[in-house]
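**Q**
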Amino acid sequence: MRHEIVIVTPFQQNCTLLWCEHTLKGAVVDPGGDLPTVYAAIEQAGIEIESVLLTHGHIDHAGGARECASALGVNIVGPHKDDAPLLDDLASQAEMFGFPPVKGVEPDQWLEEGDVITLGEVKLEVIHTPGHAPGHVSFYERRSRILQSGDVIFNGSIGRTDLPGGNHAQLLNTIREKVLPLGDEVYFIPGHGPSGTLGHERQTNPFLR
Ligand SMILES: [Zn+2]
Ligand SMILES: [Zn+2]
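Numbering (this note's numbering), first residue to last: 47 to 255.
1) On the DSSP bridge list, what partners appear for P236?
2) Grouping DSSP H, G and I as helix and E and B as strand, with all else coil, what is Q249?
3) Check whether the Cβ of G237 lies closer than 8 Å to any heavy atom of ligand 1, and answer yes or no.
4) What three-state label does DSSP hand L165 in the structure shown?
5) Any heavy atom of ligand 2 closer than 8 Å to the beta-carbon of Q59?
6) Less than 8 Å between the CB of D208 and some heavy atom of ligand 1, yes or no?
7) Could you have a look at R188 and say whether DSSP puts it in helix, strand or coil?
8) Terminal residues of the continuous alpha helix (DSSP H) containing Q58?
9) Give the secondary structure of G149 by DSSP, where H, G and I count as helix, E and B as strand, and everything else as coil.
10) Alpha carbon to alpha carbon, what distance is there between E171 and T62?
11) Would you list the residues sitting across from E50 in a DSSP beta bridge?
12) Note down the Cα distance separating H126 from L218, rounded to an integer number of angstroms.
13) From W156 to R255, what does the alpha carbon distance come to, in whole angstroms?
14) Spatial neighbours of I122 within its chain, please: CB distance less than 6 Å, with the 5 preceding and 5 following residues excluded, ordered by chain position.
15) Would the segment 184-202 count as touching the segment 136-143 if we require 3 or more Cβ pairs under 8 Å?
If you want it as structure tokens, here you go:
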């Protein structure tokens with residue numbers, strides 16, 4: 047699987063293109079905003095986008111989802127339905143954080159733990175990773191050992207849990223029980239900031255001591 051990060055919104059969110067290098071079929075994960083930049087990256091990569099995937103319902107990740115999906119003629123897939131209240135309420139998130147006005151987003155398909163999304167020869171496994179947001183999901187590609195972790199774990203940090211639906215103990219449990227066991231060599235792409243390996247976080251992340 048190939049990937050490319052497009053940094054969007056004032057929150058410097060890692061919108062990510064994921065695609066199968068053989069068929070050039072792919073997905074856009076978390077098109078939170080700045081859509082012209084996202085479209086330019088898709089064109090540059092020469093790939094065919096089959097879906098908009100969402101890790102969770104925060105404005106910096108989901109704010110541009112419906113406009114992007116409509117423009118590309120594809121469905122919004124994910125996150126888990128426990129994030130429905132966040133997605134319904136995108137308008138007030140936009141107001142609170144100074145984003146352009148946006149309507150609530152209703153995904154075309156909710157995701158569950160164990161679901162698999164196929165992009166050409168790529169299979170993305172869905173992991174329900176609550177804590178930062180109740181319906182947060184992460185996408186794991188086992189062959190290339192790449193995890194789109196969203197706002198669960200960052201290089202040197204973890205997701206904040208002071209927003210509605212956040213739960214610190216649950217987030218730590220998610221990281222210990224579902225994320226780190228994927229393996230030290232797994233390369234993760236977080237929702238913000240630089241990528242890294244899970245092994246590096248296991249050994250050095252101050253929140254996991
Ligand atoms: Zn978030
Ligand atoms: Zn975020």
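Even for Gly, the Cβ is constructed at its ideal location relative to N, Cα and C. As the structure is a computational prediction, the values presented were derived from the model and not from experiment.
**A** The structure says:
1) Locating residue 236 in the sequence shown gives position 190, counting from the first residue. Under DSSP, P236 takes part in a beta bridge, and its partners are G196.
2) The residue labelled residue 249 in the question sits at position 203 within the sequence shown. Helix at Q249.
3) Position 191 of the sequence shown, counted from the start, is the residue given in the question as residue 237. In this structure, G237 has its CB closer than 8 Å to one or more heavy atoms of ligand 1.
4) Position 119 of the sequence shown, counting from 1, holds the residue named residue 165. Correct three-state label for L165: strand.
5) Here residue 59 is taken as the residue at index 13 of the sequence shown, counted from 1. Yes.
6) Against the sequence shown, residue 208 aligns to sequence position 162. Flag unset: Cβ of D208 not near ligand 1.
7) The residue labelled residue 188 in the question sits at position 142 within the sequence shown. Of the three classes helix, strand and coil, the one that applies to R188 here is coil, per DSSP.
8) For the purposes of this step, residue 58 is taken as the residue at position 12 of the sequence shown. Taken as a continuous stretch (DSSP letters only), Q58 belongs to no alpha helix (DSSP H), as it is neither H nor E.
9) As a position in the sequence shown, residue 149 is number 103, starting the count at 1. In the sequence as displayed, the identity of residue 149 is Lys instead of Gly. DSSP places K149 in coil when its eight states are reduced to three.
10) Working through the sequence shown from its first residue, we reach residue 62 at position 16. Working through the sequence shown from its first residue, we reach residue 171 at position 125. Rounded to the nearest angstrom, the two C-alpha atoms are 16 Å apart.
11) By one-based count along the sequence shown, residue 50 stands at place 4. Note: E50 sits in a beta bridge opposite L63.
12) Along the sequence shown, one-based indexing puts residue 126 at 80. Along the sequence shown, one-based indexing puts residue 218 at 172. Rounded to whole angstroms, H126 and L218 show a C-alpha spacing of 19 Å.
13) Here residue 156 refers to the residue found at position 110 of the sequence shown. Here residue 255 refers to the residue found at position 209 of the sequence shown. When rounded, the distance between both Cα atoms is 34 Å.
14) On the sequence shown, position 76 is the one that residue 122 refers to. So the list reads V98, A111, A115, P153, D154, once near-sequence residues are dropped.
15) no
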